[in-house]
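Student:
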Amino acid sequence: MGDKTLTRMDLAEAVFRDVGLSRHESAQLVESVLNHISDALVEGQQVKISSFGTFSVREKSERIGRNPKTGEEVPITPRRVLSFRPSHLMKERVAAGNKRKG
Amino acid sequence: MIRSELIQKIADENPHLFRRDVERIVNTVFEEIIDAMARGDRVELRGFGAFSVKKREARMGRNPRTGDSVEVEEKHVPFFKTGKLLRDRLNGLA
Numbered sequence: 001m002g003d004k005t006l007t008r009m010d011l012a013e014a015v016f017r018d019v020g021l022s023r024h025e026s027a028q029l030v031e032s033v034l035n036h037i038s039d040a041l042v043e044g045q046q047v048k049i050s051s052f053g054t055f056s057v058r059e060k061s062e063r064i065g066r067n068p069k070t071g072e073e074v075p076i077t078p079r080r081v082l083s084f085r086p087s088h089l090m091k092e093r094v095a096a097g098n099k100r101k102g
Numbered sequence: 001m002i003r004s005e006l007i008q009k010i011a012d013e014n015p016h017l018f019r020r021d022v023e024r025i026v027n028t029v030f031e032e033i034i035d036a037m038a039r040g041d042r043v044e045l046r047g048f049g050a051f052s053v054k055k056r057e058a059r060m061g062r063n064p065r066t067g068d069s070v071e072v073e074e075k076h077v078p079f080f081k082t083g084k085l086l087r088d089r090l091n092g093l094a
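From first to last, the protein sequence lines stand for chains G and S.
Residue numbering for the first sequence follows this note's numbering, starting at 1 and increasing by one per position.
Residue numbering for the second sequence follows this note's numbering, starting at 1 and increasing by one per position.
1. Check distances from the C-beta atoms of the region 44-64 of chain S to those of chain G and list, in chain order, the residues that come in under 7 Å.
2. Mind listing the chain S neighbours of K48(G)? Cutoff is C-beta to C-beta under 9 Å, in chain order.
3. Between E57(G) and G65(G), which are expected to be in contact by the criterion C-beta below 8 Å, what is the C-beta distance as a whole number of angstroms?
4. At which residue ranges does the region 5-68 of chain G contain complete beta strand (DSSP E) runs of 3 or more residues, listed in the order of the chain?
5. In terms of residue numbering, what span does the alpha helix (DSSP H) encompassing T70(G) cover?
6. Helix, strand or coil for G97(G) per DSSP?
7. List the residues that DSSP assigns as beta-bridge partners of R59(S).
8. With a threshold of 16 other CB atoms inside 10 Å of the CB of D12(S), please say whether the residue is buried or exposed.
9. Does T82(S) come within less than 9 Å of chain G when only Cβ atoms are used?
10. Taking only beta-carbon atoms, is I37(G) less than 9 Å away from chain S?
11. Output yes if chain S places a C-beta closer than 9 Å to the C-beta of G102(G); else output no.
12. Mind checking which residues open and close the alpha helix (DSSP H) that includes L6(S)?
13. Whose C-beta lies closer than 8 Å to the C-beta of R56(S) among residues of the same chain, with five residues either side of it excluded?
14. Look at the alpha carbon of R46(S) and the alpha carbon of S69(S), and state the distance between them as a whole number of angstroms.
15. On the CB-based measure, 16 or more other CB atoms within 10 Å of its CB, does A38(S) come out buried or exposed?
16. What residues of chain S sit near P75(G), judged by a beta carbon separation below 8 Å?
17. Return helix, strand or coil for L93(S), following the three-state DSSP convention.
18. Given a cut-off of 9 Å on the beta-carbon distance, is the pair I37(G) and M1(S) in contact?
19. Using the DSSP secondary-structure output, state which residues sit across from K81(S) in a beta bridge.
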């Protein structure tokens, strides 16, 4: 199993290699992809990227939680959470690529 | 929002780029993330979130139609954890 961690820089490097823009502009475009996805989600939109996956925002209502240290009951306020559902293609490629490794 | 709308937004902001290049850029970003996970690597995008691979152990499952026990092999599945900044923004905190 690979144990590397890629960052924005690696994505920018891939754009630089594939498209031939400057490194600086490649990095800005990667950022802009992430920003547009984030903005749409914050507006409450679902973001559906075919053959990658779907990001959607779910509303969670208030529930009672517990402080694990003190055992005290505390209300967990209503909130919006993001869920990501990988596409079939992503699931297949991740399953195939990691088969019989670690 | 779907992939083509995302491409359009970025094309609108970058009138000096050909649309086919914008398509290529957007596709490269997603492709690179899948490739990394297929190698078992993790992709950490601070503020946005992190894509990683989780291992599901082999287990005994059941054929829901017949009730027979079947062996389910170990497998690896993609996982996404939302970044703190995005989580806060979703809740109007940032």
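Glycine included, every Cβ here is placed at the ideal spot set by N, Cα and C.
Remember, it's a predicted structure, so these values are computed and weren't measured experimentally.
Tutor: To lay it out plainly:
1. E44, L45, F48 and V53
2. Counting from one through the first sequence, the residue named residue 48(G) turns up at place 48. Simply M1, I2 and R3.
3. For the purposes of this step, residue 57(G) is identified with residue 57 of the first sequence, where counting begins at 1. For the purposes of this step, residue 65(G) is identified with residue 65 of the first sequence, where counting begins at 1. It is Val, not Glu, that sits at residue 57(G) in the sequence shown. Actually they do not touch by this definition, with Cβ atoms about 21 Å apart.
4. 47-49, 53-60 and 63-66
5. One-based indexing of the first sequence puts residue 70(G) at position 70. Segment: none, T70(G) is in no alpha helix (DSSP H) and carries neither H nor E.
6. Along the first sequence, read from residue 1 onward, the residue named residue 97(G) stands at position 97. G97(G): helix per DSSP, three-state reduction.
7. The residue given as residue 59(S) occupies position 59 in the second sequence. Partner(s): V72(S).
8. The residue you call residue 12(S) lines up with position 12 of the second sequence. Classification for D12(S): exposed.
9. Looking up residue 82(S) in the second sequence gives position 82. Interface residue, yes.
10. Mapped onto the first sequence, residue 37(G) falls at position 37. So yes, I37(G) belongs to the interface.
11. The residue labelled residue 102(G) in the question sits at position 102 within the first sequence. At G102(G) the pLDDT is 48, less than 50, meaning the model places this residue with poor confidence; the figure from the coordinates comes in the next sentence. Yes, G102(G) counts as interfacial toward chain S.
12. Taking the first residue of the second sequence as position 1, residue 6(S) is located at position 6. Run containing L6(S): R3 to E13, per the alpha helix (DSSP H) assignment.
13. For the purposes of this step, residue 56(S) is identified with residue 56 of the second sequence, where counting begins at 1. E74, K75, H76 and V77, listed in sequence order.
14. Residue mapping note: residue 46(S) aligns to position 46 of the second sequence, counting from 1. Residue mapping note: residue 69(S) aligns to position 69 of the second sequence, counting from 1. Cα to Cα, the separation comes out at about 43 Å.
15. On the second sequence, residue 38(S) is found 38 positions in, with the first residue counted as 1. Classification of A38(S): buried, given that the 10 Å Cβ count is 16 or more.
16. Here residue 75(G) refers to the residue found at position 75 of the first sequence. Result: empty, since nearest Cβ-Cβ is about 15 Å, beyond 8 Å.
17. Start at 1 with the first residue of the second sequence, and residue 93(S) comes out as number 93. Three-state DSSP puts L93(S) in coil, outside helix and strand.
18. On the first sequence, residue 37(G) is found 37 positions in, with the first residue counted as 1. On the second sequence, residue 1(S) is found 1 positions in, with the first residue counted as 1. Yes, these two residues count as a Cβ contact at 9 Å.
19. Against the second sequence, residue 81(S) aligns to sequence position 81. A50(S).
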